[in-house]
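K.L.:
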Amino acid sequence: MSCVSGTGSVLLSALQSLLSVCWAWCPRLEKQVQVFSVMQSIVSFLIMGPICSVVMLYLLWTDLWCVTASCTIWLFYDWKTQTRQANPGRMFSCVRNWTAWTYYRDNVRIRLIKTHNLLPNRNYILGYHPHGIGALSLSPTESNGFSAKFPGITPFVATLAGNFHMPLAREYLVSAGVCPVNRATLEFILSCNGTGNAVIINVGGAAESRYCTLGVHCMTLKNRKGFTDYVVLCLIVLLFTRADLVPVYSFGENDVYKQLILNEGSWWRLIQRRLQKILGFAPCVFQGRGLFSPDTWGLVPFSKPINSVVGKPMEMPKISSPSQEELNHYHTMYMSSLTQLFDKHKTHFELREEDVLVIHCGVVIPWPGQTQAILLGCSR
Numbered sequence: 030m031s032c033v034s035g036t037g038s039v040l041l042s043a044l045q046s047l048l049s050v051c052w053a054w055c056p057r058l059e060k061q062v063q064v065f066s067v068m069q070s071i072v073s074f075l076i077m078g079p080i081c082s083v084v085m086l087y088l089l090w091t092d093l094w095c096v097t098a099s100c101t102i103w104l105f106y107d108w109k110t111q112t113r114q115a116n117p118g119r120m121f122s123c124v125r126n127w128t129a130w131t132y133y134r135d136n137v138r139i140r141l142i143k144t145h146n147l148l149p150n151r152n153y154i155l156g157y158h159p160h161g162i163g164a165l166s167l168s169p170t171e172s173n174g175f176s177a178k179f180p181g182i183t184p185f186v187a188t189l190a191g192n193f194h195m196p197l198a199r200e201y202l203v204s205a206g207v208c209p210v211n212r213a214t215l216e217f218i219l220s221c222n223g224t225g226n227a228v229i230i231n232v233g234g235a236a237e238s239r240y241c242t243l244g245v246h247c248m249t250l251k252n253r254k255g256f257t258d259y260v261v262l263c264l265i266v267l268l269f270t271r272a273d274l275v276p277v278y279s280f281g282e283n284d285v286y287k288q289l290i291l292n293e294g295s296w297w298r299l300i301q302r303r304l305q306k307i308l309g310f311a312p313c314v315f316q317g318r319g320l321f322s323p324d325t326w327g328l329v330p331f332s333k334p335i336n337s338v339v340g341k342p343m344e345m346p347k348i349s350s351p352s353q354e355e356l357n358h359y360h361t362m363y364m365s366s367l368t369q370l371f372d373k374h375k376t377h378f379e380l381r382e383e384d385v386l387v388i389h390c391g392v393v394i395p396w397p398g399q400t401q402a403i404l405l406g407c408s409r
C-alpha cells in the first residue's frame, strides 16, 4: 500500500513539474505565434498574388485546366468589381476578425487612438502617414478595434490596383475590405454606397517609403503634380463627393525596420526609381528581425509600438470641377491640420517638445538618428 502511495506521489510530482514547464513556455509560444502571424501577413502581401498566377498557369497544362479557365472567365466577368469593392456582400466579417490579426497587432504593438468622432451620416477619406516600409498599422481588420471606436463606420483600405489583376488573390483582398486606389473606386464608395464609409489611403504613395528610417518622420505630399498624385486625387474626389478628409499620423511606423537610404544621384537610386515606375512600389533595402530570434536578420518587423492617432475631420464643400487655386487652398489646409496633429501628440510618444514638423521644398534625405520630422513638398 505504501508502495502504491509512493508511486502516486511521484506521478503527481512529475505532473506538476510538467505543467510548470508548459506554463513557463506559454509566453514564448504566444510570442512565436505572434511572429508567425506577422510573417504570414508579409508573405501574403509579397508573393500571394504571383504564386496564385503561377499556379493558374501550371494548371492550364494539366488535366485541371478547367480550374484556370473558370478563374479566368470569372476574372473578366467580375472585372468591374475592382471599382465597386464597397459591396458588403463581398466582405466577410470572419476574415476581418481572424485571431491571427490580433496576434499580428500584439507583436507589432499597434494602437489606434481616437481624438474626434466620425459620424455615421458622413463619408470620409483617412489620409494615413507615414508610409513606412509596409504601412503595418494600415489595416482593414478589426484587430485595432476600429468599429468599436467609430461605431457605424465601415473601413476600407485602398491599395495598388495591380493587386486586383491576379486571380484568387483579389478575392482574398476583397473579402477583407481592400479596394484599388483609383478615382472610380473612391467615387463609388463615397457617393454610391450610402454613408458611414471610410477609405484609408496612404497619400504619400510609394515615393514616401524610400525615405523612412529610424527616428525620422518623412512624408511626401507636394513633390508631384497631376491626377496620378494621390494627394490631388483625394482632393478632387473629396470635393466631388463632399466627403470629409481626416489626417492620421502613426508615431513609430518608421521605427519597426532599419532601411538603407540610397543617396540621390547614385546608380542605386536611379534603379530604385525605375523599378518603382515599373512595379508601382519602391523596392527598398531594409532589415527586420529573424523568424525565431530577434538577434538575427529577417523580414519580421521589430516589436516597437505604433500609435495611430486619428485627427479632426476637415469638412469639404461640393465642387464638381475644382480649380488649381482651390486644390492648393485645401491642400494647404490639410498640411496645416496634419502639422497640428503631430505637434499636439508628439510628446506623448517619446518625442521632445522642441521637435517640429519641418516642411521642405524638394527632396530631403534623412539620416539615422535625426530627431526632427520632415515633410517633403513645400516650406512651413
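Residue numbers (the numbering used here): 30 to 409. All C-beta atoms, glycine included, are put in the ideal place defined by N, C-alpha and C.
1) Give me, in chain order, the residues of the same chain whose beta-carbon lies closer than 7 angstroms to that of residue 138; leave out the 5 immediate sequence neighbours on both sides.
2) Beta-carbon of residue 291 versus every beta-carbon of chain B: anything under 8 angstroms?
3) Please list the terminal residues of the continuous beta strand (DSSP E) segment that includes residue 310.
4) Run the CB neighbour count on residue 98, radius 10 Å, all protein chains shown included, and call it buried at 16 or more, exposed below.
5) With burial defined as no fewer than 16 other Cβ atoms inside 10 Å of the residue's Cβ, what is the status of residue 158: buried or exposed?
6) Since residue 357 contacts residue 270 with CB under 8 angstroms, what's their CB separation in whole angstroms?
7) Taking only the alpha-carbon atoms, compute the straight-line gap between residue 385 and residue 367 and give it to the nearest angstrom.
8) Does the Cβ-Cβ distance between residue 284 and residue 243 come in under 8 angstroms?
9) For a test of the three-state rule: what should DSSP assign to residue 396, helix, strand or coil?
10) Find out if the Cβ-Cβ distance for the pair residue 144, residue 339 is shorter than 8 angstroms.
11) May I have the straight-line CA-CA distance separating residue 354 from residue 154, to the nearest angstrom?
12) Based on DSSP bridge pairs, tell me the residues matched to residue 92.
13) Among 280, 146, 321 and 219, which one has its Cα closest to the Cα of residue 380?
14) From 264, 190 and 362, pick the residue whose C-alpha is nearest to that of residue 349; which is it?
15) Quick one: measure Cβ to Cβ for residue 233 and residue 248, integer angstroms, because I've assumed they're closer than 8 angstroms.
16) Just the Cα atoms here: how many angstroms apart are residue 351 and residue 69?
17) Compute the Euclidean distance between the alpha carbons of residue 166 and residue 183, then round it to the nearest angstrom.
18) Could you round the C-beta distance between residue 229 and residue 266 to whole angstroms and report it? I think they count as a contact, below 8 angstroms.
19) Can you pull the DSSP bridge partners for residue 274?
20) For residue 257, count neighbouring Cβ atoms within 10 angstroms of its own Cβ and tell me buried if that reaches 16, exposed if not.
21) Can you give me the start and stop residues for the alpha helix (DSSP H) that residue 357 sits inside?
22) What are the start and end residues of the alpha helix (DSSP H) that includes residue 123?
23) If the criterion is Cβ atoms closer than 8 angstroms, does the pair residue 286 and residue 315 meet it?
24) With a CB to CB cut of under 6 angstroms and the five nearest residues on each side skipped, what residues in its chain are close to residue 104?
25) According to the neighbour-count rule (16 or more other Cβ atoms, all chains shown, within 10 Å of its Cβ), is residue 337 buried or exposed?
26) Pull up the distance between the alpha-carbon of residue 216 and that of residue 109, whole angstroms please.
27) Compute the Euclidean distance between the alpha carbons of residue 86 and residue 67, then round it to the nearest angstrom.
28) Drop a sphere of 10 angstroms on the beta-carbon of residue 371, count the other beta-carbons inside from all chains shown, and report buried for 16 or more, exposed for fewer.
29) Give the range of the beta strand (DSSP E) segment to which residue 9 is assigned.
30) Select from 378, 201 and 295 the residue whose C-alpha is nearest the C-alpha of residue 77.
31) Starting from the C-beta of residue 150, find all residues in its chain whose C-beta is less than 6 angstroms away, skip the five residues before and the five after it, and write them out in chain order.
32) By alpha-carbon positions, which one of 194, 147 and 163 ends up nearest to residue 176?
33) Report buried or exposed for residue 321, applying the criterion of at least 16 other Cβ atoms within 10 angstroms of its Cβ.
34) Report the CB separation of residue 119 from residue 170 in whole angstroms; it is logged as a contact under 8 angstroms.
35) Could you give the first and the last residue of the continuous beta strand (DSSP E) run that contains residue 228?
36) In terms of residue numbering, what span does the beta strand (DSSP E) encompassing residue 215 cover?
P.N.:
The short version:
1) Locating residue 138 in the sequence shown gives position 109, where the first residue counts as 1. Correct list, in chain order: 332, 333, 334 and 335.
2) The structure shown has no chain B; it contains just one protein chain.
3) The residue labelled residue 310 in the question sits at position 281 within the sequence shown. Segment: none, residue 310 is in no beta strand (DSSP E) and carries neither H nor E.
4) In the sequence shown, the residue the question calls residue 98 occupies position 69. It counts as exposed.
5) In the sequence shown, counting from the first residue as 1, residue 158 sits at position 129. Residue 158 comes out buried.
6) In the sequence shown, the residue the question calls residue 357 occupies position 328. In the sequence shown, the residue the question calls residue 270 occupies position 241. That pair is no contact at about 20 angstroms.
7) Counting from one through the sequence shown, the residue named residue 385 turns up at place 356. Counting from one through the sequence shown, the residue named residue 367 turns up at place 338. C-alpha of residue 385 to C-alpha of residue 367: approximately 12 angstroms in a straight line.
8) Walking along the sequence shown from the start, residue 284 turns up at place 255. Walking along the sequence shown from the start, residue 243 turns up at place 214. It is a contact, given that the beta carbons lie within the stated cut-off.
9) Working through the sequence shown from its first residue, we reach residue 396 at position 367. Unreliable positioning characterises residue 396 in this predicted model, as indicated by a pLDDT of 34, which lies under 50. The coordinate reading is nonetheless provided below. Three-state DSSP puts residue 396 in coil, outside helix and strand.
10) The residue given as residue 144 occupies position 115 in the sequence shown. The residue given as residue 339 occupies position 310 in the sequence shown. Contact flag set, yes.
11) The count along the sequence shown starts at 1 and reaches residue 354 at position 325. The count along the sequence shown starts at 1 and reaches residue 154 at position 125. Each residue's Cα considered, the two are about 21 angstroms apart.
12) For the purposes of this step, residue 92 is taken as the residue at position 63 of the sequence shown. Beta-bridge pairing links residue 92 to no other residue.
13) Numbered from its first residue, the sequence shown carries residue 380 at position 351. Ranking the options by Cα distance to residue 380, first place goes to 280.
14) Numbered from its first residue, the sequence shown carries residue 349 at position 320. Checking every option, the nearest Cα to that of residue 349 belongs to 264.
15) By 1-based counting over the sequence shown, the position of residue 233 is 204. By 1-based counting over the sequence shown, the position of residue 248 is 219. Taking the Cβ atoms as the reference, residue 233 lies roughly 5 angstroms from residue 248, within the contact range of under 8 angstroms.
16) Taking the sequence shown and counting its residues from 1, one reaches residue 351 at position 322. Taking the sequence shown and counting its residues from 1, one reaches residue 69 at position 40. Taking the straight line joining both Cα atoms gives about 43 angstroms.
17) By one-based count along the sequence shown, residue 166 stands at place 137. By one-based count along the sequence shown, residue 183 stands at place 154. So the two alpha carbons sit approximately 17 angstroms from each other.
18) As a working mapping, residue 229 is identified with position 200 in the sequence shown. As a working mapping, residue 266 is identified with position 237 in the sequence shown. Residue 229 to residue 266, Cβ: 14 angstroms. No contact.
19) The sequence position of residue 274 within the sequence shown is 245, counting from 1. DSSP, once it has assigned bridges, lists 154 and 343 as partnering residue 274.
20) The residue given as residue 257 occupies position 228 in the sequence shown. Any answer about residue 257 is weak, because its pLDDT of 41 lies below 50 and its placement is not dependable; what the coordinates show is given next. With fewer than 16 Cβ atoms within 10 Å of its Cβ, residue 257 is classed as exposed.
21) On the sequence shown, residue 357 is found 328 positions in, with the first residue counted as 1. 353 to 374 is the span of the alpha helix (DSSP H), which, as asked, contains residue 357.
22) As a working mapping, residue 123 is identified with position 94 in the sequence shown. Run containing residue 123: 122 to 125, per the alpha helix (DSSP H) assignment.
23) The residue given as residue 286 occupies position 257 in the sequence shown. The residue given as residue 315 occupies position 286 in the sequence shown. The answer is yes: Cβ separation under 8 angstroms.
24) As a working mapping, residue 104 is identified with position 75 in the sequence shown. 196, listed in sequence order.
25) By 1-based counting over the sequence shown, the position of residue 337 is 308. It is buried - the Cβ of residue 337 has at least 16 other Cβ atoms within 10 Å.
26) Residue mapping note: residue 216 aligns to position 187 of the sequence shown, counting from 1. Residue mapping note: residue 109 aligns to position 80 of the sequence shown, counting from 1. So the two alpha carbons sit approximately 14 angstroms from each other.
27) The residue given as residue 86 occupies position 57 in the sequence shown. The residue given as residue 67 occupies position 38 in the sequence shown. Cα to Cα, the separation comes out at about 29 angstroms.
28) In the sequence shown, counting from the first residue as 1, residue 371 sits at position 342. Counting Cβ neighbours within 10 Å, residue 371 comes out buried, since at least 16 surround it.
29) In the structure as shown, the chain begins at 30 and stops at 409. Residue 9 is therefore absent and cannot be evaluated.
30) In the sequence shown, the residue the question calls residue 77 occupies position 48. Checked all of 378, 201 and 295; the closest Cα to residue 77 is 201.
31) For the purposes of this step, residue 150 is identified with residue 121 of the sequence shown, where counting begins at 1. Hits under 6 angstroms: 224.
32) The residue given as residue 176 occupies position 147 in the sequence shown. The candidate whose alpha carbon is nearest that of residue 176 is 147.
33) Taking the sequence shown and counting its residues from 1, one reaches residue 321 at position 292. Residue 321 should be labelled exposed.
34) Here residue 119 is taken as the residue at index 90 of the sequence shown, counted from 1. Here residue 170 is taken as the residue at index 141 of the sequence shown, counted from 1. At roughly 16 angstroms, the Cβ-Cβ gap does not stay under 8 angstroms, so residue 119 and residue 170 are not in contact.
35) Translated into the one-based positions of the sequence shown, residue 228 becomes position 199. Judged by DSSP secondary structure, residue 228 falls within the beta strand (DSSP E) whose first and last residues are 226 to 230.
36) Numbered from 1 along the sequence shown, position 186 holds the residue referred to as residue 215. Careful: residue 215 lies outside any beta strand (DSSP E), inside the alpha helix (DSSP H) at 212 to 220.
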